[in-house]
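Residue numbers for the sequence shown follow this note's numbering, beginning at 24 and rising by one.
Quick reminder that beta carbons are idealized off the backbone N, C-alpha and C, glycines included.
Source: prediction; values computed, not measured.
Remarks on the structure that follows.
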Amino acid sequence: MAGPPGPVPLSLPPPPPALRQLVGRLRGRFGRALPAAGGHGTSPPQDPLQAAGQTLREAREARGLGLRDLAHATRISTTVLEALEKGWRDRLPEAAYLRTMLPLLEQYLLLPGGSLEGALPPGGLRAPGSRRSGPVRRFNPASIDALGTWTGSLLYAGLTVALIHLLNLQQQRLAAAGLLSSRPIPPLPAQAPAGKEPETAVLRAFPELRPLERADAGQALARLRREGAGGQRPDLSLGTLELTLERPTRLRLAGATGAPTVLANLEGRLTLPVLPPFRLSLEPAPPAGSAAVRWRGAPLAAGRDGSWRYPPAPPAPRPKREAIAP
Numbered sequence: 024m025a026g027p028p029g030p031v032p033l034s035l036p037p038p039p040p041a042l043r044q045l046v047g048r049l050r051g052r053f054g055r056a057l058p059a060a061g062g063h064g065t066s067p068p069q070d071p072l073q074a075a076g077q078t079l080r081e082a083r084e085a086r087g088l089g090l091r092d093l094a095h096a097t098r099i100s101t102t103v104l105e106a107l108e109k110g111w112r113d114r115l116p117e118a119a120y121l122r123t124m125l126p127l128l129e130q131y132l133l134l135p136g137g138s139l140e141g142a143l144p145p146g147g148l149r150a151p152g153s154r155r156s157g158p159v160r161r162f163n164p165a166s167i168d169a170l171g172t173w174t175g176s177l178l179y180a181g182l183t184v185a186l187i188h189l190l191n192l193q194q195q196r197l198a199a200a201g202l203l204s205s206r207p208i209p210p211l212p213a214q215a216p217a218g219k220e221p222e223t224a225v226l227r228a229f230p231e232l233r234p235l236e237r238a239d240a241g242q243a244l245a246r247l248r249r250e251g252a253g254g255q256r257p258d259l260s261l262g263t264l265e266l267t268l269e270r271p272t273r274l275r276l277a278g279a280t281g282a283p284t285v286l287a288n289l290e291g292r293l294t295l296p297v298l299p300p301f302r303l304s305l306e307p308a309p310p311a312g313s314a315a316v317r318w319r320g321a322p323l324a325a326g327r328d329g330s331w332r333y334p335p336a337p338p339a340p341r342p343k344r345e346a347i348a349p
C-alpha cells in the first residue's frame, strides 16, 4: 500500500516586464536594494547609474540602433551615451545637462518617464567644489572638465610656457630687425605752446619752407602792391574795368591765358571784374580823348593800334641812326 503523497514544490511564474521596470525605477530612485519579485531574501544593491545604463542599452538594442545612430537622432555625443550605458560617472556632464538629455532619450526610445533618472547624481545638482565620484578619473580632451585632472593641468601649463617662449622669440626678431624699439616714446615738453596749427610744426622742422609762411601772412602781396603804387611794377591783382558806351559796340576782351571773351551790341555803362594782363578792343572805337574806358577808377589810354592794354605796352625802341661820315 502506497504511502501519502509528498509535498508538491510551489513554482511561481516570472514577473512581468512592467513590474521589473517599476522595481528598477524604485531601486534607482531610493538608492537601496528592494526584494526581487517572487524571490526569498534581498538581492545585492546595484548602482542606479548601472541600472539606468542597462535599461538604455536594452532599449537601444531592441530597436536595432547603434551608438552613432542614437547620437545622430538625439544630438547627444557618443561619448556621453557610452558613459551612460557603461556607468562611467566621471565622463558624464553636469546634472543640469543630464536633466535635459534623459527625457529626450526616454521619449525617443519609448521608455516610461523617469526610467533613466538613476543616471542623475545623488542629491540632484552637484555641490560647488565637489569632486566627481568614480573609481578612476580619466583624462578626456573632449570633456569640459579636462583641466580638472592632473594630466589636463600639466598639459595646460606646458602649452602656456610654449606660447610665452614663442612670443619672446618674436619680440627678439622684431628688435633685431629694427622694427621694435625698447625705449618708450618721450612725452611732449610741458613748455610747448598750445593751440598752434600743424603747419607751424612742419615749418619748424623744415626751415626751407619759411617763404610759404611769409606768403601766408600776406607779405608778398603787400610788397607787390607797394611796388605797383610806386610805379616800379604794375599791379596784377584783380581789378574793375568800367566802360561807358554811347552806341552799340562790339567788345573783345583777351587775357594772358584762355580764349577771348566777345560781346556784341553793348550800350550804356558796363562794369567787369578783370584779372590783368588783358587787352581790350571796341568796335566802333569811342571818340578820341573821351574817358570811355577806366581801369580801377582811372582813365586808360588807348595804344597806337587802337586797343587798351594793361599793363601798357612798352614803347618801341627808336632805331639807331648811322653816323654820317664827314
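Host alpha helix (DSSP H) of residue i (start-end)
i: S176; result: W173 to A199
i: E83; result: For the record, residue 83 in the displayed sequence is Arg; it is not Glu. Looking at the DSSP string, the run of the alpha helix (DSSP H) that includes R83 is P71 to A85.
i: R114; result: First-last for R114: undefined, no H or E at that position.
i: L93; result: L90 to T97
i: E108; result: T101 to K109
Nonlocal neighbours in the same chain, by C-beta distance under 8 Å from residue i, ignoring five residues either side
i: E290; result: L268, E269, R270, P271 and T272
i: L127; result: T97 and I99
i: G76; result: L107, E108, K109, G110 and A142
i: P283; result: R275, L276 and A277
i: L177; result: none
i: G320; result: T263 and E265
Assigned exposure category for residue i - 16 Cβ within 10 Å defines buried
i: I99; result: buried
i: L103; result: The residue asked about is misnamed: residue 103 is Val in this sequence, not Leu. Answer is buried; the Cβ neighbour count reaches 16.
i: P210; result: exposed
i: E129; result: buried
i: L192; result: exposed
i: Y179; result: exposed
i: Y333; result: buried
Cβ neighbours of residue i in the same chain (closer than 7 Å, five flanking residues each side left out)
i: R1; result: Shown here, the chain extends from 24 to 349; a query on residue 1 therefore has no answer.
i: A279; result: P300
i: L148; result: Note on L148: pLDDT 43, under 50, position unreliable in the model; no value is reported.
i: D70; result: G110
i: A82; result: L132 and L134
i: L121; result: L115, A142 and L143
i: L125; result: L139, E140 and A142
i: S153; result: Low local confidence applies: a pLDDT of 42 at S153 is under 50, so the model's placement there is unreliable, with the coordinate-based value given in what follows. Counting only Cβ-Cβ distances below 7 Å, and skipping sequence neighbours, we find nothing.
i: L93; result: R83 and L104
i: A287; result: R273
i: L72; result: G110, R112, G141 and A142
i: V184; result: none
i: L88; result: none
Residue j beta carbon less than 8 Å from that of residue i
i: L266; j: L293; result: yes
i: R196; j: L132; result: no
i: G262; j: W331; result: no
i: V316; j: L303; result: yes
i: L295; j: L323; result: no
i: L107; j: L79; result: yes
i: L203; j: Q194; result: yes
i: L274; j: L305; result: yes
i: R311; j: G326; result: Checking the displayed sequence, the identity of residue 311 turns out to be Ala instead of Arg. No, the pair does not count as a contact, with Cβ atoms beyond the cut-off.
i: A308; j: G281; result: no
Host beta strand (DSSP E) of residue i (start-end)
i: G278; result: G262 to G278
i: R317; result: V316 to W318
i: P296; result: T284 to V297
i: E306; result: F301 to E306
i: R332; result: W331 to Y333
Beta-carbon contacts of residue i that lie in its chain and below 6 Å, excluding the five residues immediately before and after
i: A314; result: P322
i: A199; result: none
Any non-hydrogen atom of the ligand ATP within 7 Å of residue i CB
i: E81; result: What this structure holds is no ligand at all, so the ligand ATP is not there to describe.
Neighbour flag for residue i against chain B, beta carbons, 8 Å
i: P209; result: Included in the structure is just one protein chain, with no chain B present.
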